[in-house]
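J.: So the mapping is simple: the numbering used here equals the position in the sequence shown, first residue as 1, plus 380. C-beta: ideal position from N, C-alpha, C; glycine also. Got a structure for you, written out below as structure tokens; questions coming shortly.
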Amino acid sequence: MRTLTSANSYLISLASLLILVLAFTAFPSCASSTARPENVTIGLLAKDFSFNMSTITVPAGANVTVNFENQDPSIGHNFAVYDSASMKKTIFKGEIIVGPKKITYTFVAPQAPGTYHFQCDPHAKNMFGQFLVK
Ligand SMILES: [Cu+2]
């Protein structure tokens, strides 16, 4: 009886191991859930008190690089991202630069997909757009 029992438990262990191996083989995507964040680069221009784009789309959690150029002489512009136009939550607030000048901003996009808001802080009423996280 004792030999039979240990033989059974050996078989059960073997079957468990086989199931584990099969599970990892069948679902390799589970192992890659810790994928590295994507990198995106955006070229943003401020000229005549307006941006050259009204919508910016980035993947959730992406490393965002914004190559920002202010072409308005003696005017300060920046690029900032908020949860909405009411600016309750700041996602990123770039340094204001006086044109003509270029600056590179880097930040991490929100993990939560949705429609956010970007703007130039000194001219928020005229210079703004949608910051889409997908
Ligand atoms: Cu501005």
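Can you round the beta-carbon distance between F511 and H497 to whole angstroms, since I take them to be within the 8 Å contact cut?
T.: Residue mapping note: residue 511 aligns to position 131 of the sequence shown, counting from 1. Residue mapping note: residue 497 aligns to position 117 of the sequence shown, counting from 1. 6 Å between Cβ atoms; contact.
J.: Measuring straight from C-alpha to C-alpha, what distance separates T435 and G509?
T.: Along the sequence shown, read from residue 1 onward, the residue named residue 435 stands at position 55. Along the sequence shown, read from residue 1 onward, the residue named residue 509 stands at position 129. Spanning the two alpha carbons is a distance of roughly 6 Å.
J.: Sort L424, S454, F431, E418 by Cα distance to Y485 and report the nearest one.
T.: Along the sequence shown, one-based indexing puts residue 485 at 105. Nearest option by C-alpha distance: L424.
J.: On the DSSP letters alone, give me the boundaries of the beta strand (DSSP E) that A426 sits inside.
T.: Locating residue 426 in the sequence shown gives position 46, where the first residue counts as 1. It spans 419-427 - the beta strand (DSSP E) in which A426 sits, taken as one unbroken run.
J.: Taking the straight line between their C-alpha atoms, what separation do you get for N419 and S454?
T.: Taking the first residue of the sequence shown as position 1, residue 419 is located at position 39. Taking the first residue of the sequence shown as position 1, residue 454 is located at position 74. Rounded to whole angstroms, N419 to S454 spans 32 Å at the Cα level.
J.: Is the beta carbon of I477 closer than 8 Å to that of H503?
T.: Here residue 503 refers to the residue found at position 123 when the sequence shown is read from its first residue. Here residue 477 refers to the residue found at position 97 when the sequence shown is read from its first residue. No, Cβ-Cβ distance for H503 and I477 is not below 8 Å.
J.: Could you work out which residue in R416, Q491, P417, T421 is closest to I483 when comparing CA atoms only?
T.: By one-based count along the sequence shown, residue 483 stands at place 103. Per the Cα distances, T421.
J.: Compute the Euclidean distance between the alpha carbons of K469 and D463, then round it to the nearest angstrom.
T.: The residue you call residue 469 lines up with position 89 of the sequence shown. The residue you call residue 463 lines up with position 83 of the sequence shown. C-alpha separation (whole angstroms): 5 Å.
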